[in-house]
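Engineer: Dropping the structure in here first, questions after.
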Amino acid sequence: MTTPTSTRPTAKKRLTGAVANTALLAYFAFSLIPVAFIIALSLKTNSEQTTTYLSFTPTFENYSTVLGLDGGGSSYLRFFGASLITSIGAVLVSLLIGIPAAYAAARHRFKGSENLMFTLLSFRFAPELIVIIPLSVIYQQLGLYDTFFGMIWVLQLVTMPLVVWILRSFFRDLPVELEQAALLDGYTRRQAFLKLVLPLVRPGIAAVCLLAFIFAWNNFIFPFTLTSSNAQTVTVSSLAFLGGNQVRFNLVAAGAVMAALPPLVLALLIQRYLVRGLSFGAVKD
Amino acid sequence: MAAISVDTLRKTFGRGAGVVTALDDVSFDVGDGEFFCLLGPSGAGKTTTLKSIAGLVEPDKGAVRIGGQDVADVEPTHRNLAMCFESYALYPQHNVFDNMASPLRSPRLRMPAADVRSRVGRIADMLGIGHLLDRSVTQLSNGQRQRVALGRVLVRPAHAYLLDEPLAHLDAKLRATMRAELKAISTDGLTTTVYVTHDYVEALSLADRIGVLREGRILQVGTPREMWASPANAFVAQAFGKPRINMLAGGLRTSRDHASTSESASSGLGRSAPRDGTHAFVAGGVEIPLRDIDAPPGESVQLAVRPRDLRLHVGAGDPPPGKVRLDGVVYVLEHLGRQTEVTVQIGESLVSVVAPRAAVPTLALDDKVGVLIDPSTTHVFLSGEEGKRVSP
Numbered sequence: 000m001t002t003p004t005s006t007r008p009t010a011k012k013r014l015t016g017a018v019a020n021t022a023l024l025a026y027f028a029f030s031l032i033p034v035a036f037i038i039a040l041s042l043k044t045n046s047e048q049t050t051t052y053l054s055f056t057p058t059f060e061n062y063s064t065v066l067g068l069d070g071g072g073s074s075y076l077r078f079f080g081a082s083l084i085t086s087i088g089a090v091l092v093s094l095l096i097g098i099p100a101a102y103a104a105a106r107h108r109f110k111g112s113e114n115l116m117f118t119l120l121s122f123r124f125a126p127e128l129i130v131i132i133p134l135s136v137i138y139q140q141l142g143l144y145d146t147f148f149g150m151i152w153v154l155q156l157v158t159m160p161l162v163v164w165i166l167r168s169f170f171r172d173l174p175v176e177l178e179q180a181a182l183l184d185g186y187t188r189r190q191a192f193l194k195l196v197l198p199l200v201r202p203g204i205a206a207v208c209l210l211a212f213i214f215a216w217n218n219f220i221f222p223f224t225l226t227s228s229n230a231q232t233v234t235v236s237s238l239a240f241l242g243g244n245q246v247r248f249n250l251v252a253a254g255a256v257m258a259a260l261p262p263l264v265l266a267l268l269i270q271r272y273l274v275r276g277l278s279f280g281a282v283k284d
Numbered sequence: 000m001a002a003i004s005v006d007t008l009r010k011t012f013g014r015g016a017g018v019v020t021a022l023d024d025v026s027f028d029v030g031d032g033e034f035f036c037l038l039g040p041s042g043a044g045k046t047t048t049l050k051s052i053a054g055l056v057e058p059d060k061g062a063v064r065i066g067g068q069d070v071a072d073v074e075p076t077h078r079n080l081a082m083c084f085e086s087y088a089l090y091p092q093h094n095v096f097d098n099m100a101s102p103l104r105s106p107r108l109r110m111p112a113a114d115v116r117s118r119v120g121r122i123a124d125m126l127g128i129g130h131l132l133d134r135s136v137t138q139l140s141n142g143q144r145q146r147v148a149l150g151r152v153l154v155r156p157a158h159a160y161l162l163d164e165p166l167a168h169l170d171a172k173l174r175a176t177m178r179a180e181l182k183a184i185s186t187d188g189l190t191t192t193v194y195v196t197h198d199y200v201e202a203l204s205l206a207d208r209i210g211v212l213r214e215g216r217i218l219q220v221g222t223p224r225e226m227w228a229s230p231a232n233a234f235v236a237q238a239f240g241k242p243r244i245n246m247l248a249g250g251l252r253t254s255r256d257h258a259s260t261s262e263s264a265s266s267g268l269g270r271s272a273p274r275d276g277t278h279a280f281v282a283g284g285v286e287i288p289l290r291d292i293d294a295p296p297g298e299s300v301q302l303a304v305r306p307r308d309l310r311l312h313v314g315a316g317d318p319p320p321g322k323v324r325l326d327g328v329v330y331v332l333e334h335l336g337r338q339t340e341v342t343v344q345i346g347e348s349l350v351s352v353v354a355p356r357a358a359v360p361t362l363a364l365d366d367k368v369g370v371l372i373d374p375s376t377t378h379v380f381l382s383g384e385e386g387k388r389v390s391p
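As you go down the protein sequences, you meet chains D and X in turn. Sequential numbering from 0 applies to the first sequence in numbering that gives the first Met the number 0. Sequential numbering from 0 applies to the second sequence in numbering that gives the first Met the number 0.
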């Protein structure tokens, strides 16, 4: 062992470290407040929902009401299923089209390719409200209103730019000589892409899957305006608890807590790739 | 195996003001089974030439023929060439064995698993990486990666091997060993090989023929002997040999035979027997007689002479017959084992001389010393970096 003084951080460094850690902990606690608030709210009774913060008797009654277990009847699970179908469908379609698109955008520059990519990106920062009225008219006329197919299609506006832009940077990080080596080894361009390139961007695909799924799952405005009952998603369905003669924040909270589970489960499932994916390119090999 | 012919290749990158000409009418032929070296400094267009042959870079103009067939419309996959990339381009998700086996498992070349194993094993042993076959390539040192990349080429049959600086990242000792190893393989009848390097020793030792490339142009193609003995221009002369060939700037004039003796005696510089040549090289009062120079008197030229063709002449006394003595002072002394590199300042220019150490035991800095030139070992070029050769 070397002399302990040489490895021990100076007092000043330790102080900055402690301050930074305290600040981070404070921020961590602060950012958890809304989550804690919603969970607490979902466990409160009707009478307690607006009158107390912490002193209440926890009950799972709201959950059984939302799920329809108390015999009151509920469409929550159907909406939940619609959310799953449209979100997963949207992510799959985006991957199917977006992976080749991102690869092409990363490897080939052609006239107008940058403009095309920018247009794609602009779908993300243009407010959805701009297009919602013409979209709903078109959807009514085409018979896409309130269908899964229509929802998956419109969610491409949300998921496709994410998939293409994020994966393009992953493809760009791969040296082109890897593919050239594969070509000379006797693989065709398609085989080189499928056997060599795709496995190397798996972390990127995992990361982009999660992000696209969260964005699709959380989307409110499209299902709100383009569905009514059949393809209505869980985000919109919560509104039902707010209407009528009684405002039921506790039911909304219970629905929201359950609705937060799928992204969480997905994140845990692909966690292994996720860390590598999100830090890809940041660390030199 | 197949012959490769590169015909007036031209390639530019970028557009507008930032356009860079990478290849400017590059032409050369590589015979069937020949080992051809492309030698040039970095940025000369060596890799671009190689990638054009492989089909990875599409030339703006010109043609590549493999076995006589124009391959402009043939995809890299189907050109049946093996290439070793300077960046190695190893597949990071595979181990050493799978990397080397990759071409043998491709749909184009697919071989039975037993053949793949024996071929990869044999080449890996030859390259000294037999014990690393199960390692991930990400765990290897650069020298080991480079050998894996070379191995991925050597395991497979191909019309030609394209090797891009395959020894550049090895340490000096390993590089010498590998060079000898490659030499041994190539004399056993390697397939047609185009070998890119910036190291003239590799080129001289391995190549059947060498092409010197500079700024996208081929300056000369020839056998190692030709490149060494009669470089076509000043750049090619300087591309071979270490220390570099000495270049003395001066002028040409008609030899004045006997008149030169008396004049040079008075100046105390050029003292030589008159020759029957028609020209003399003149610089700073020195006159060196030359024969059969293909340039008119009055032309400004450079006289090139290799450091090992020069002798030191210490002390007074006449130079041996047929030699010209230049007087200077010792500027730098480097004792390198049995040899000593002496840099002598003659007038404005510095001249390197390689002498056996035993011949210069007492030499010290700033000593007055004479340098003996044998006119028959000199090369004469017109002035300029690429001054044309005018001596025979």
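Just so you know, even glycine gets a beta-carbon here, dropped at the ideal spot from N, CA and C. Keep in mind that this is a model prediction, so the values were computed, not measured.
On a Cα-Cα basis, can you pick out the residue from X:Leu131, X:Leu311, X:Asp293 and X:Ser86 that is closest to Arg388 of chain X?
Structural biologist: Taking only the C-alpha atoms, the option nearest Arg388 of chain X is X:Asp293.
Engineer: Establish whether the CB of Leu8 of chain X and some CB of chain D are separated by less than 8 Å.
Structural biologist: It does not; no Cβ of chain D falls within 8 Å.
Engineer: Are the Cβ atoms of Thr47 of chain X and Asp163 of chain X separated by less than 8 Å?
Structural biologist: Result no, Cβ atoms of Thr47 of chain X and Asp163 of chain X do not sit closer than 8 Å.
Engineer: Please classify Phe169 of chain D: is it buried, with 16 or more other beta-carbons within 10 angstroms of its beta-carbon, or exposed?
Structural biologist: It counts as buried.
Engineer: What residues in its chain sit with their C-beta under 6 Å from that of Gln48 of chain D, if we drop five residues either side in the sequence?
Structural biologist: Cβ neighbours of Gln48 of chain D beyond the five flanking positions: Phe248 and Asn249.
Engineer: Nearest chain D C-beta to Gln92 of chain X closer than 8 Å, yes or no?
Structural biologist: Closer than 8 Å to some Cβ of chain D, the Cβ of Gln92 of chain X qualifies, so yes.
Engineer: For the beta strand (DSSP E) that Ala358 of chain X lies in, which residues bound it at each end?
Structural biologist: Per DSSP, Ala358 of chain X belongs to no beta strand (DSSP E) and is neither H nor E.
Engineer: Among D:Leu23, D:Asp145, D:Gly254 and D:Ile220, which one has its Cα closest to the Cα of Leu128 of chain D?
Structural biologist: It is D:Ile220.
Engineer: According to DSSP, is Pro133 of chain D part of a helix, a strand, or is it coil?
Structural biologist: In the structure shown, Pro133 of chain D sits in a helix (DSSP, three-state: H, G or I).
Engineer: With distances taken Cα to Cα, identify the nearest neighbour of Val152 of chain X among X:His130, X:Gly42, X:Ile184 and X:Arg174.
Structural biologist: The shortest Cα separation from Val152 of chain X among X:His130, X:Gly42, X:Ile184 and X:Arg174 belongs to X:Ile184.
Engineer: Specify, as a first and last residue, the run of the alpha helix (DSSP H) that Tyr75 of chain D falls within.
Structural biologist: Unbroken alpha helix (DSSP H) run through Tyr75 of chain D: Tyr75 to Arg106.
Engineer: Expressed to the nearest angstrom, what Euclidean distance is found between the alpha-carbon atoms of Thr260 of chain X and Val281 of chain X?
Structural biologist: With a pLDDT of only 41 at Thr260 of chain X, under the threshold of 50, the placement of this residue in the model should not be trusted; the figure read from the coordinates follows. Distance between the alpha carbons of Thr260 of chain X and Val281 of chain X is about 13 Å.
Engineer: Exposed or buried, what is Asn245 of chain X when buried is set at 16 or more other beta-carbons lying within 10 Å of its beta-carbon?
Structural biologist: Under this definition Asn245 of chain X is a buried residue.
Engineer: Should Arg270 of chain X go down as buried or exposed, given a rule of 16 or more other Cβ atoms within 10 Å for buried?
Structural biologist: Note that Arg270 of chain X has pLDDT 42, beneath the 50 cutoff, so the model's placement of it is unreliable and no number is given.
Engineer: Out of X:Gly327, X:Pro355, X:Asp326 and X:Arg324, point me to the one whose CA is closest to Glu340 of chain X's CA.
Structural biologist: Nearest of X:Gly327, X:Pro355, X:Asp326 and X:Arg324 to Glu340 of chain X, Cα basis: X:Pro355.
Engineer: If the cut is a Cβ gap below 7 Å, which residues of chain X does Thr187 of chain D touch?
Structural biologist: Those are Thr76, listed as they occur along chain X.
Engineer: I'd like to know whether the C-beta of Glu176 of chain D is nearer than 8 Å to at least one C-beta of chain X.
Structural biologist: Judged by the 8 Å Cβ criterion, Glu176 of chain D is in contact with chain X.
Engineer: From Arg274 of chain X to Ser390 of chain X, what distance separates their C-alpha atoms?
Structural biologist: Per-residue confidence for Arg274 of chain X stands at a pLDDT of 42, beneath the threshold of 50, marking its modelled position as unreliable; the derived number appears in the next sentence. The alpha-carbon atoms of Arg274 of chain X and Ser390 of chain X are separated by roughly 16 Å.
Engineer: From what residue to what residue does the alpha helix (DSSP H) around Thr64 of chain D run?
Structural biologist: Run containing Thr64 of chain D: Glu60 to Leu66, per the alpha helix (DSSP H) assignment.
Engineer: Give me the chain X residues within the contact set of Asp348 of chain D, using Cβ-Cβ distance strictly less than 7 Å, ordered along the chain.
Structural biologist: Because chain D is modelled from 0 through 284, residue 348 of chain D falls outside the range shown and cannot be assessed.
Engineer: List, in chain order, every chain D residue whose beta-carbon is nearer than 7 Å to that of Leu108 of chain X.
Structural biologist: In chain order: Gly185.
Engineer: What runs of the alpha helix (DSSP H), each 4 residues or longer, lie entirely inside the region 142 to 187 of chain D?
Structural biologist: Listed in chain order, they are 147 to 172 and 175 to 183.
Engineer: Looking at the strands, I want to know which residues DSSP matches up with Ser351 of chain X.
Structural biologist: In the DSSP output, where bridge partners are listed per residue, Ser351 of chain X has X:Thr342.
Engineer: Verify the CB distance criterion: does Gln48 of chain D have a CB-CB separation below 8 Å to chain X?
Structural biologist: No - not a single Cβ of chain X is within 8 Å of the one on Gln48 of chain D.
Engineer: Okay, do the region 222 to 236 of chain X and the region 56 to 74 of chain X touch, 3+ Cβ pairs below 8 Å being the bar?
Structural biologist: Taking 8 Å as the limit for Cβ pairs, the verdict is that the region 56 to 74 of chain X does not touch the region 222 to 236 of chain X.
Engineer: Would you mind giving the Cβ-Cβ distance between Leu332 of chain X and Leu362 of chain X, rounded to the nearest angstrom? I have them listed as a contact below 8 Å.
Structural biologist: So it is a contact: roughly 6 Å between Cβ atoms.
Engineer: With H, G and I counted as helix, E and B as strand and the rest as coil, what does DSSP make of Pro318 of chain X?
Structural biologist: Residue state, collapsed to three classes: coil.
Engineer: Using a Cβ cut-off of 8 Å (strictly closer), state whether Pro3 of chain D contacts chain X.
Structural biologist: With a pLDDT of 47 at Pro3 of chain D, under the threshold of 50, the predicted position of this residue should be treated as unreliable, though the coordinate-derived value follows. It does not; no Cβ of chain X falls within 8 Å.
Engineer: Is there contact between the region 64 to 76 of chain D and the region 136 to 144 of chain D, where contact requires at least three CB pairs shorter than 8 Å?
Structural biologist: Too few Cβ pairs lie closer than 8 Å, so no.
Engineer: Quick one: give me the first and last residue of the alpha helix (DSSP H) that Ala206 of chain D is part of.
Structural biologist: Start and end: Arg201 to Asn217.
Engineer: In terms of DSSP beta bridges, what is Val281 of chain X paired with?
Structural biologist: X:Gly250 and X:Glu286.
Engineer: Does the region 34 to 53 of chain D come close enough to the region 219 to 235 of chain D that 3 or more CB-CB pairs lie under 8 Å?
Structural biologist: No: the two stretches stay apart, fewer than three of their Cβ pairs being nearer than 8 Å.
Engineer: Mind pulling the chain X residues with CB within less than 7 Å of Leu195 of chain D?
Structural biologist: What Leu195 of chain D touches in chain X: Tyr90.
Engineer: Who are the Cβ neighbours of Ser112 of chain D in its own chain at under 8 Å, not counting the five residues just before and after it?
Structural biologist: Contacts found: Ala104.
Engineer: Establish whether the CB of Ala180 of chain D and some CB of chain X are separated by less than 8 Å.
Structural biologist: At least one chain X Cβ lies under 8 Å of Ala180 of chain D.
Engineer: Quick check: the region 170 to 188 of chain X against the region 201 to 215 of chain D, are at least 3 beta-carbon pairs closer than 8 Å?
Structural biologist: At 8 Å Cβ cutoff, the stretches do not touch.
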